[in-house]
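The structure appears right after this line, and notes come after that.
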Amino acid sequence: MGTILTDTKLQAISEKVNHGERLTIQDGLYLFESPDLLGIAQLANQVNQKKNGDHVYFIENMYINPTNVCEANCGFCGFKRKPGDDGAYTMDSEALLEYVEKRWNDNIREFHIVGGHNHEVPFDYYLNTIRTLKKHYPQVTVKAYTGAEIEFFSRISGLTMKEVLEELIKAGLDTLPGGGAEILTERYRLKMSPDKASTDQWLEAHEIAHNLGLKTHATMLYGSIETKEERLIHMDRLRQLQDRTNGYMVFIPLAMQPRSINAGIKRRTTAFDDMRTLAISRLMLDNFDHIKAYWINIGVQLTQMALTFGSSDIHGTLIEERISHAVGALTSQGITREELVYLIKSAGKTPVERDTFYNIVKTY
1 MGTILTDTKL
11 QAISEKVNHG
21 ERLTIQDGLY
31 LFESPDLLGI
41 AQLANQVNQK
51 KNGDHVYFIE
61 NMYINPTNVC
71 EANCGFCGFK
81 RKPGDDGAYT
91 MDSEALLEYV
101 EKRWNDNIRE
111 FHIVGGHNHE
121 VPFDYYLNTI
131 RTLKKHYPQV
141 TVKAYTGAEI
151 EFFSRISGLT
161 MKEVLEELIK
171 AGLDTLPGGG
181 AEILTERYRL
191 KMSPDKASTD
201 QWLEAHEIAH
211 NLGLKTHATM
221 LYGSIETKEE
231 RLIHMDRLRQ
241 LQDRTNGYMV
251 FIPLAMQPRS
261 INAGIKRRTT
271 AFDDMRTLAI
281 SRLMLDNFDH
291 IKAYWINIGV
301 QLTQMALTFG
311 SSDIHGTLIE
321 ERISHAVGAL
331 TSQGITREEL
341 VYLIKSAGKT
351 PVERDTFYNI
361 VKTY
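Using full-length UniProt numbering, the letters of the sequence shown correspond one by one to residues 1 to 364.
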């Protein structure tokens with residue numbers, strides 16, 4: 001049975017989707033306005049079913065934030081410290097290995113590494129972090145350093161971004177995480193993350209990585225000062241880069257976490273906005289295989305709902321996530337594999353444990 005859409009404009013968009021035509025930013029703006037959220041959900045669900053069937057992916061992963069010292073001043077961050085601040089830290093190799101050892105289990109397949117832009121240490125510190133982990137855990141994928149960090153390393157080392165990435169790959173880098181993208185428009189970045197890579201630099205870091213053979217991730221941090229049009233421009237820029245390189249594996253919309261007293265944003269995103277944004281992401285990003293519902297930001301129950309709104313991935317077990325929690329994420333810092341499997345099964349889907357590159361490890 002086809003979707004019953006009462007809204008003629010939504011019907012026209014539905015026709016486009018069914019014929020494999022790309023949606024425009026105007027189409028996207030309409031989807032953000034349309035009162036028929038469930039019609040949009042059904043459409044996104046159809047697209048996802050075509051791409052992924054009933055499979056919902058997750059990974060067993062560990063977060064590592066080697067340093068929280070940062071030169072940047074982003075309006076949404078509760079994680080960073082300035083050198084010498086209370087609570088500022090930079091792990092050396094020994095502290096790094098101790099951190100991992102305490103949280104280790106044999107199912108972990110991925111280290112997810114992001115940290116502050118710490119200019120007190122040389123680029124070699126960041127290379128050494130990867131070398132150390134690869135030496136002691138050669139079987140684990142290293143997903144390290146955002147596009148913004150790549151640009152930062154280029155500044156502190158005097159190397160080009162390409163040279164930076166080549167050095168990181170030599171040290172054992174396997175993929176880049178999707179962070180540091182925030183919203184890919186300059187109006188937003190000048191206000192919210194003025195000291196970080198520009199839109200073009202962030203995209204360039206990923207394009208270079210793709211051309212060097214890395215598959216990478218892309219995020220969008222929504223729910224603050226950006227307009228709906230800026231969210232769509234962000235998606236369109238990723239889509240254009242994906243047309244050229246096909247290097248992105250997944251898109252991850254991240255809901256802003258404004259719990260911190262000094263965050264300046266007092267409201268959380270609504271459930272409606274979260275679900276709509278996920279569904280629209282699935283419809284706009286026709287050349288991405290996966291849209292990820294990030295349970296850390298939207299909670300496990302909405303994540304379960306997201307599985308019928310176009311999402312095919314719910315991230316992972318994530319032993320101890322700190323960055324969203326530093327600004328007040330309300331979720332727990334980790335989840336068990338049993339909980340993830342139950343979450344997916346009780347939504348009528350098939351849980352699939354994956355590695356970083358979406359190869360199937362186990363189907364439940």
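A virtual CB, placed ideally from N, CA and C, is assigned to each residue, including glycine.
Following the DSSP letters along the chain, one finds Thr-277 inside the alpha helix (DSSP H) bounded by residues 271-284.
Remark: C-beta atoms of Val-361 and Asp-313 do not approach each other more closely than 8 Å. Here DSSP, grouped into helix, strand and coil, assigns Tyr-30 to helix.
Contact between the stretch 102-122 and the stretch 220-232 is not established, with fewer than three Cβ pairs separated by less than 8 Å. A Cβ-Cβ separation of about 5 Å places Leu-127 in contact with Ala-171 under the 8 Å criterion. Boundaries around Phe-153 are those of the alpha helix (DSSP H), 147-157, since no beta strand (DSSP E) includes it.
The residue from Tyr-294, Ala-326, Thr-336 and Leu-283 with its alpha-carbon nearest to that of Leu-23 is Leu-283. From the listed residues Ser-34, Leu-330 and Gln-46, the smallest Cα separation to Val-17 is found for Gln-46. Fewer than three Cβ pairs drawn from the stretch 179-197 and the stretch 131-141 lie within less than 8 Å of each other, which leaves the two stretches out of contact.
With fewer than 16 other Cβ atoms from the protein chains shown falling within 10 Å of its own Cβ, His-19 counts as exposed.
When DSSP states are grouped into helix, strand and coil, Phe-58 belongs to the strand group. Looking at the DSSP output, His-217 bridges to Val-250. In this chain, Val-341 is not harboured by any beta strand (DSSP E); it is covered by the alpha helix (DSSP H) spanning 337-345. Membership of Ala-197 in any beta strand (DSSP E) is not indicated, and neither H nor E is assigned to it by DSSP. The three-state reading of DSSP puts Val-69 in strand, counting E and B together.
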